[in-house]
Structures are given as structure tokens and as C-alpha cells.
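Quick notes on the structure that follows.
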Amino acid sequence: MNISTDFPGGNIKVLTISGDYVRVECDLRDTEGDWFYWAFCVEGAGGRTLTFDFGKDRIGYFGPAVSHDLKVWNWAGEESVAKNRHSFTYTFTESDPVYFAHNMIYSPERFDEFLRANNLKARTFALTDKGNEVKALEIGEGDKVIVLHSRHHCCESTGTYVLEGVLQHLLTALPKGYRVLAIPFMDIDGVINGDQGKNRRPHDHNRDYIDQPIYPSVRELMKYAADNNVKYQFDFHSPYHIGGNDDKVFLVRNLLNEAGQDEFAALFKEESEGLSFRYFADCDIMPNTSWNKLISPTSTKFFSNLPTTELSFTLETAYFGTNDNAVSQNNLLKLGNAFGRALCRYIERH
Ligand SMILES: [Zn+2]
1 MNISTDFPGG
11 NIKVLTISGD
21 YVRVECDLRD
31 TEGDWFYWAF
41 CVEGAGGRTL
51 TFDFGKDRIG
61 YFGPAVSHDL
71 KVWNWAGEES
81 VAKNRHSFTY
91 TFTESDPVYF
101 AHNMIYSPER
111 FDEFLRANNL
121 KARTFALTDK
131 GNEVKALEIG
141 EGDKVIVLHS
151 RHHCCESTGT
161 YVLEGVLQHL
171 LTALPKGYRV
181 LAIPFMDIDG
191 VINGDQGKNR
201 RPHDHNRDYI
211 DQPIYPSVRE
221 LMKYAADNNV
231 KYQFDFHSPY
241 HIGGNDDKVF
251 LVRNLLNEAG
261 QDEFAALFKE
271 ESEGLSFRYF
281 ADCDIMPNTS
291 WNKLISPTST
301 KFFSNLPTTE
311 LSFTLETAYF
321 GTNDNAVSQN
331 NLLKLGNAFG
341 RALCRYIERH
């Protein structure tokens with residue numbers, strides 16, 4: 001049996017293996033404090049039933065996300081996970097590689113596949129210091145810009161599924177006069193390496209909207225914003241691991257155009273009605289409440305202070321959801337479609 005992290009997004013530390021019991025922990029790397037992302041591959045375990053124990057709550061309600069090809073992800077199931085969510089148990093029917101992860105990984109390969117399937121070409125928006133390409137997709141030809149991005153925190157994959165869903169809708173329904181700049185992986189190095197990304201030292205990508213940004217993707221985007229007429233900006237994230245609001249979909253509100261945010265929230269709620277995973281508009285984090293203190297130099301703070309921007313916020317999408325409102329790859333795309341429909345309706349009204 002071999003446990004590896006040799007794939008985009010891989011992250012685990014194997015502490016001990018005794019018989020069928022494997023003690024593991026998240027690899028925090030340059031994270032300040034604790035975080036919860038992990039992903040690993042098990043090969044050659046055919047016929048065995050193994051337990052993987054993190055020693056703390058590191059697994060969702062439905063067990064780990066499981067994949068055999070890094071493309072299709074499903075939950076292993078509630079019965080696979082211990083009550084305290086410290087460990088999960090899995091029976092391997094064959095020796096081929098099985099991938100396990102905290103959340104359903106959205107890889108750079110998946111975005112390339114989306115581009116190919118829709119006959120689209122991305123351009124190189126920036127090169128990281130490690131030489132990785134930060135890709136940007138532009139659609140439409142108008143002079144008013146909608147900026148969509150995700151993975152300022154590289155482990156937060158649900159945001160990128162939602163972003164793909166928004167793009168799916170806008171490909172055929174983008175209002176006249178508009179164009180989209182979409183950057184799916186702001187921290188592409190972290191996405192490839194399988195880093196946590198959140199609270200990266202000295203600061204993470206969503207704390208880099210400062211006078212001298214240290215990350216090329218942020219630096220280029222700030223330049224882009226100065227030279228283009230950005231009307232809308234939406235940053236797609238995943239929240240904390242699990243529980244309470246973090247099981248939901250919610251907007252992180254700010255002080256720019258609060259009536260517009262109310263209106264958008266109502267439209268998004270309406271458009272997601274009837275979906276198996278939806279936005280209820282009942283747990284948005286209002287400005288200056290809870291942790292939303294509006295002091296950090298985030299993308300949304302930067303864009304909401306531009307003279308051109310009319311609406312700008314962060315959308316947080318749960319990693320797992322709940323039994324009656326559960327995350328799946330398809331459900332996340334449909335939520336993104338609904339966001340796209342809400343955005344088009346909003347734009348048409350204004
Ligand atoms: Zn985030």
C-alpha cells in the first residue's frame with residue numbers, strides 16, 4: 001500500500017501506520033495557526049479496510065470526498081466517518097489509485113477542460129515567482145467589466161465550481177456592453193502544491209491588496225483595475241471547515257451600495273429557489289458584524305473603493321452543506337448558474 005500526495009492539490013503528513021490504522025495530519029506548511037485542508041492518494045490497498053485518523057475534526061458530514069480520476073468527486077458517505085469526524089474508514093475493492101480529500105477538488109485541469117469544451121482560450125494574466133501561469137479568461141467585448149475570481153485562498157475549491165457555473169451562464173447571456181475577466185486561480189502555486197493558502201505567511205493573497213503587493217496575480221489585477229472600467233467584482237470563496245453559517249451559502253457584505261446588495265441577494269435567492277443546493281439569503285455577514293470588520297486589505301475592499309465599481313462582494317459557499325442542502329459538483333455548478341442569472345437580471349435593471 002502506498003500513500004502519496006504526488007498530484008495537483010496533494011497534502012498529507014502520514015504519522016504512523018499500524019496494521020489497517022493510519023494516523024495522519026494536514027500539512028500546514030507556511031500557514032499561520034491551524035487549518036483543515038488535506039488530500040491524498042492510496043494505491044495498492046485492494047481488499048483492505050483502512051481507517052485514517054486525523055486526531056481532530058477534519059472531515060465533513062458525508063465523509064471524505066472520493067475520486068478515482070481526480071475529475072469526478074463523490075462523498076464516501078456518512079457511514080464512513082466517525083461521529084467526532086476525526087477519522088474515516090474505507091474498504092478498497094481494487095488496488096488502483098483512490099483519491100481522498102477534505103473537499104471536492106477543482107483542479108487547473110478541470111478549468112482547461114471547461115475551456116476546451118466551450119472553444120475558449122485563456123490568456124496568461126501573470127506569472128508567479130515559481131513560473132506558474134495565472135490564467136485569465138475574457139469573454140464579451142463591451143467596455144464595462146465584470147471581474148470574477150476565486151482561490152485567493154487556494155484550498156477553497158467550492159468557489160471555483162460556482163465561478164464555472166457563473167461563466168456557463170454568461171457565455172450565452174452576457175448583457176450587451178459588458179465583458180468578463182475571470183481568474184479562477186489567484187494563488188495558482190498553492191492550488192498546484194496543495195497548500196492551505198488561508199493565513200499564509202507573511203500574508204495570504206486576499207490580504208495583498210496593498211501599496212506593494214507581493215503576489216504577481218494581485219499586482220496585475222490592481223493594475224488592470226486602474227486601466228479598465230470595472231463595474232462589478234465578485235470573489236468566490238469557501239468559508240471555515242464546518243458548522244453554523246459555514247454550512248450555508250452567504251454573501252460577505254460591505255458598505256458599497258447596500259441597497260444594490262439587498263437587491264442582488266433577493267434576485268439570487270429567487271434564482272436559486274428549487275435547487276438541491278441553494279442560497280437562502282438568511283445568513284449574509286453584514287458589514288462591521290462578526291469577523292467582517294472591513295479593515296483587511298481584501299480584493300472586495302479594493303474594488304468596492306474604486307470610483308467605477310457599482311457592486312462588489314465575496315460569496316462564501318460551504319464545503320459540504322447539510323443533508324437537505326448538500327454540496328455536489330453538479331449542485332455547485334447549478335448554484336453558479338443561478339448567480340449568473342441573478343447578475344444578468346440585476347444588470348438589466350440598472
Ligand atoms: Zn477565502
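Residues 1 to 350 (our numbering) make up the sequence shown, in order.
Every residue gets a Cβ at the ideal spot worked out from N, C-alpha and C, and that includes glycine.
Values in this document were obtained by computation on a predicted structure and should not be read as measured data.
Report yes if the C-beta of residue i is less than 7 Å from at least one heavy atom of ligand 1; otherwise report no.
i      : result
His205 : no
Lys130 : no
Lys248 : no
Glu43  : no
His153 : yes
His102 : no
Glu156 : yes
Lys198 : yes
His237 : yes
DSSP has residue i in a bridge; who is on the other side?
i      : result
Glu310 : Glu310 is not bridged to any residue.
Thr89  : Thr51
Gly321 : Ala326
Glu43  : Asn2
Trp73  : DSSP output for Trp73 lists no bridge partner at all.
Ile357 : Outside the displayed range of the chain (1 to 350) lies residue 357, so it cannot be described from this structure.
Phe365 : Because residue 365 is not part of the residues shown, which for the chain are 1 to 350, the question remains open.
Glu316 : His237 and Phe250
Val81  : Phe88
Asn337 : Partner(s): none; Asn337 has no beta bridge.
Asn331 : Note: Asn331 sits in no beta bridge, so no partner.
Asn11  : Ala39
Is it buried or exposed, residue i, if we count other Cβ atoms within 10 angstroms and call 16 or more buried?
i      : result
Trp38  : buried
Ile59  : buried
Ile217 : In the sequence as presented, Ile is not what sits at residue 217; that position holds Ser. Classification for Ser217: buried.
Glu156 : buried
Leu255 : exposed
His153 : buried
Pro21  : Reading the sequence as shown, one finds Tyr at residue 21 and not Pro. Exposed, because fewer than 16 other Cβ atoms sit within 10 Å of the Cβ of Tyr21.
Asp262 : exposed
His102 : buried
Leu181 : buried
Asn132 : buried
Ser351 : Beyond the ends of the chain as shown, which are 1 and 350, falls residue 351; an answer cannot be given.
Asp69  : exposed
Val72  : exposed
His350 : exposed
Asp129 : exposed
Arg116 : exposed
Thr49  : exposed
Gln212 : exposed
Thr16  : exposed
Asn305 : exposed
Ser290 : exposed
Ile347 : buried
Lys135 : buried
Pro307 : exposed
Ala338 : buried
Is residue i close to chain C? Criterion is C-beta to C-beta, closer than 8 Å.
i      : result
Gly244 : The chain inventory of the structure shown lacks chain C, comprising one protein chain alone.
Do the region 191–206 and the region 32–52 make contact, defined as three or more Cβ pairs closer than 8 Å? yes
Unbroken beta strand (DSSP E) runs of length 3 or more, entirely within the region 103–143: which are they? 123–127 and 133–139
Does the region 73–80 come close enough to the region 119–137 to have 3 or more Cβ pairs within less than 8 Å? no
Do three or more CB pairs link the region 102–118 to the region 5–17 at distances below 8 Å? yes
Counting pairs of beta carbons, one from the region 326–343 and one from the region 260–272, are three or more of them closer than 8 Å? yes
Evaluate the contact criterion for the region 83–101 versus the region 38–48: three or more CB pairs, one atom per stretch, below 8 Å. yes
With a cut-off of 8 Å, do at least 3 Cβ pairs link the region 320–338 to the region 233–249? yes
Contact between the region 129–144 and the region 170–187: three or more CB pairs below 8 Å? yes
I'd like to know if the region 275–294 and the region 184–198 are in contact, where contact means that at least 3 CB-CB pairs between them fall below 8 Å. no
Minimum length 4: unbroken alpha helix (DSSP H) runs contained in the region 134–204: 157–173 and 188–193
Taking the runs of the beta strand (DSSP E) that are 3 residues or longer, which of them lie wholly in the region 220–306? 229–237 and 249–252
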